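Novice: Heads up: the sequence shown is residues 10 to 321, going by the working numbering.
Here a beta-carbon is modelled for each residue, glycine too, at the ideal position from N, C-alpha and C.
Owing to the predicted nature of the structure, the values given are computational and were not obtained by experimental measurement.
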Amino acid sequence: MLFLNHCNDAIPFRLLLLAILGCACSHAYIELTEEYLNDIKADEKAEVKAGEYNYDHQGDDWQGTCKDGNRQSPIDLIYDDAVVSSIPRIRFKNYDRSLQTPLVLVNNGHTANLVLPATIGGQRASISGGLLPGMFEAQSVHLHWGSALSKGSEHAINFERYDIEMHIVHKNRKYGSISEASENWDGLAVLGVMFRSTRRPLSTQYGLNKIFNQLPRITQYQSNATIQGVLTVGQLLGNIVTGEFYSYNGSLTTPDCAESVTWTVFKDTINYSDRQIQKLWSLKDSRQQPLINNYRSLQDVYNRTVYYRSVN
Ligand SMILES: [Zn+2]
Numbered sequence: 010m011l012f013l014n015h016c017n018d019a020i021p022f023r024l025l026l027l028a029i030l031g032c033a034c035s036h037a038y039i040e041l042t043e044e045y046l047n048d049i050k051a052d053e054k055a056e057v058k059a060g061e062y063n064y065d066h067q068g069d070d071w072q073g074t075c076k077d078g079n080r081q082s083p084i085d086l087i088y089d090d091a092v093v094s095s096i097p098r099i100r101f102k103n104y105d106r107s108l109q110t111p112l113v114l115v116n117n118g119h120t121a122n123l124v125l126p127a128t129i130g131g132q133r134a135s136i137s138g139g140l141l142p143g144m145f146e147a148q149s150v151h152l153h154w155g156s157a158l159s160k161g162s163e164h165a166i167n168f169e170r171y172d173i174e175m176h177i178v179h180k181n182r183k184y185g186s187i188s189e190a191s192e193n194w195d196g197l198a199v200l201g202v203m204f205r206s207t208r209r210p211l212s213t214q215y216g217l218n219k220i221f222n223q224l225p226r227i228t229q230y231q232s233n234a235t236i237q238g239v240l241t242v243g244q245l246l247g248n249i250v251t252g253e254f255y256s257y258n259g260s261l262t263t264p265d266c267a268e269s270v271t272w273t274v275f276k277d278t279i280n281y282s283d284r285q286i287q288k289l290w291s292l293k294d295s296r297q298q299p300l301i302n303n304y305r306s307l308q309d310v311y312n313r314t315v316y317y318r319s320v321n
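(1) Run through the segment 132 to 156 for me and flag every whole alpha helix (DSSP H) of 4 or more residues, listed as ranges in chain order.
(2) Quick check: TYR304 and SER256, are their CB atoms within less than 8 angstroms of each other?
(3) Tell me, please, whether the segment 285 to 304 touches the segment 238 to 253 by the rule of three or more beta-carbon pairs shorter than 8 angstroms.
(4) Sorted by chain position, which residues of the same chain lie with C-beta nearer than 8 angstroms to GLY143's C-beta, five sequence neighbours on each side aside?
(5) Quick one: grab the DSSP three-state call for ALA51.
(6) Would you check if there are 3 or more beta carbon pairs closer than 8 angstroms linking the segment 223 to 231 to the segment 197 to 207?
(7) Distance, Cα to Cα, GLU61 vs ALA55?
(8) So for ILE220, helix, strand or coil by DSSP?
(9) So, with DSSP's three-state summary, where would you put ASP309?
(10) Between THR314 and the rest of its own chain, which residues show a CB-CB distance below 6 angstroms, the 5 nearest in sequence each way excluded?
(11) Just to confirm the assignment, what range does the beta strand (DSSP E) spanning ALA234 have?
(12) Is it buried or exposed, HIS66, if we count other Cβ atoms within 10 angstroms and call 16 or more buried?
(13) DSSP beta-bridge partners for LYS102?
(14) May I ask which residues mark the beginning and end of the beta strand (DSSP E) holding GLU189?
(15) Can you look up LEU30 in the DSSP assignment and give me helix, strand or coil?
(16) To the nearest angstrom, report how far apart CYS34 and VAL150 are at their CA atoms.
(17) What does DSSP give as the partner residue(s) for ILE84 in the beta ladder?
(18) Label GLN72 either buried or exposed according to how many other C-beta atoms from any shown protein chain fall within 10 Å of its C-beta, with 16 as the threshold for buried.
(19) Less than 8 angstroms between C-beta atoms, sequence neighbours within five positions excluded: which residues of the same chain meet that for ALA51?
(20) Is THR273 helix, strand or coil when you go by DSSP?
(21) Pull every residue with its beta-carbon under 6 angstroms away from any heavy atom of ligand 1, and keep them in chain order.
(22) Nearest-angstrom Cα distance between PRO83 and CYS266?
(23) What three-state label does DSSP hand GLU40 in the structure shown?
(24) Using 8 angstroms as the threshold, is the segment 92 to 103 in touch with the segment 121 to 137, meaning 3 or more CB pairs across them?
(25) Considering only residues of the same chain and omitting the five flanking positions on each side of LYS219, which have a CB-CB separation below 6 angstroms?
(26) Hey, quick one: how far does the beta strand (DSSP E) through LYS180 stretch, first residue to last?
(27) So, for THR262: in the same chain, excluding its five sequence neighbours on each side, which residues have a beta-carbon less than 7 angstroms away from its beta-carbon?
(28) When every heavy atom of ligand 3 is checked, does at least one fall within less than 7 angstroms of the C-beta of SER232?
(29) To the nearest angstrom, how far is it from the Cα of LEU125 to the Cα of ILE49?
(30) So does the segment 169 to 179 actually touch the segment 247 to 256, counting three or more Cβ pairs closer than 8 angstroms?
(31) Within this structure, are the beta carbons of ARG254 and LYS288 separated by less than 8 angstroms?
(32) Could you give the first and the last residue of the continuous beta strand (DSSP E) run that contains THR207?
(33) Taking the beta carbon of LYS160 as the centre, do at least 16 other beta carbons fall within 10 Å, making it buried, or is it exposed?
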């Protein structure tokens with residue numbers, strides 16, 4: 010469960026008090042709102058429900074909808090095959106507002122996951138526009154990565170894969186929970202952002218640095234670390250151009266691969282320090298093996314339409 014540190018040193022569970030502190034087996038009690046704690050618990054429950062799975066075969070051995078579905082993700086996003094259309098831009102609401110802190114970053118055995126709380130004012134960072142069937146509230150952010158030998162993005166763009174793909178997961182406001190949303194075709198919206206590794210240490214990625222700086226604290230399965238201070242969801246996007254993107258109907262890229270996701274994958278990429286990216290390769294999965302190459306293989310598009318929004 011989540012509320013243990015890697016020393017298997019049980020921490021008394023209290024509703025508003027969550028014990029967190031790296032890997033030194035020392036504890037600090039940090040106050041989280043009930044809402045945020047419930048969101049973290051719901052996220053953990055969904056992870057447990059997904060059952061045991063790993064990336065040994067890049068998901069090709071996953072069962073159920075993962076195997077039988079016909080609207081699966083990720084896919085290769087190919088400009089020449091896309092319908093270029095004047096769909097609306099993505100509208101970001103409260104993406105510039107500070108989130109309540111502390112935030113809790115967790116190694117859940119499959120990724121580094123950050124459940125997103127409401128902003129300090131109590132609003133949710135949300136998106137609408139694009140091909141989104143409604144208003145979607147930001148729930149969590151996580152990453153997919155490769156290794157020293159391979160790139161780790163899930164989607165490809167014009168046959169090219171990238172070093173990292175970040176997913177900001179949103180839930181349609183009309184559904185009560187992520188699990189309810191995932192049972193409906195219009196339940197979820199994920200923003201995909203590609204990272205390109207760069208030798209140049211860029212210090213400008215303030216939001217991402219806040220997450221990546223905590224990675225050494227969550228190398229062990231089920232360990233967690235807190236992020237303090239000011240962070241907005243918008244900061245995670247750096248300063249990418251959000252006006253150009255691919256969009257299509259697909260699925261979660263992890264079991265149960267529910268076909269409930271409207272995907273928006275930005276064309277623009279974030280250049281990010283290779284030193285920061287390499288920190289991901291030190292994470293361990295539930296088997297104590299390196300958590301690397303946690304991306305699913307490309308899926309068939311079948312008869313789906315992929316849209317491309319151009320600024321021109
Ligand atoms: Zn993902």
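Specialist: Let me spell this out:
(1) none
(2) no
(3) no
(4) SER137, ASN181, ARG182, LYS183 and ASP195
(5) helix
(6) no
(7) 12 angstroms
(8) helix
(9) coil
(10) VAL92
(11) 233 to 236
(12) exposed
(13) SER135
(14) That residue, GLU189, is in no beta strand (DSSP E); its alpha helix (DSSP H) goes 187 to 190.
(15) Because LEU30 carries a pLDDT of 36, less than 50, the predicted location of this residue cannot be relied on, and no value is offered for it.
(16) Only weak support is given to the placement of CYS34: the predicted model assigns it a pLDDT of 40, under 50, and the question is left unresolved by the model.
(17) Bridge partners of ILE84: none, in fact.
(18) exposed
(19) SER186, ILE187 and SER188
(20) strand
(21) HIS151, HIS153, HIS176 and THR262
(22) 10 angstroms
(23) strand
(24) yes
(25) ILE236 and LEU240
(26) 173 to 181
(27) SER82, PRO83, GLU163 and ARG305
(28) As far as ligands go, the structure on display features ligand 1 and does not contain ligand 3.
(29) 9 angstroms
(30) no
(31) One detail in the question is off: residue 254 reads as Phe in this sequence, not Arg. Not a contact, by the Cβ cut-off of 8 angstroms.
(32) 197 to 207
(33) buried
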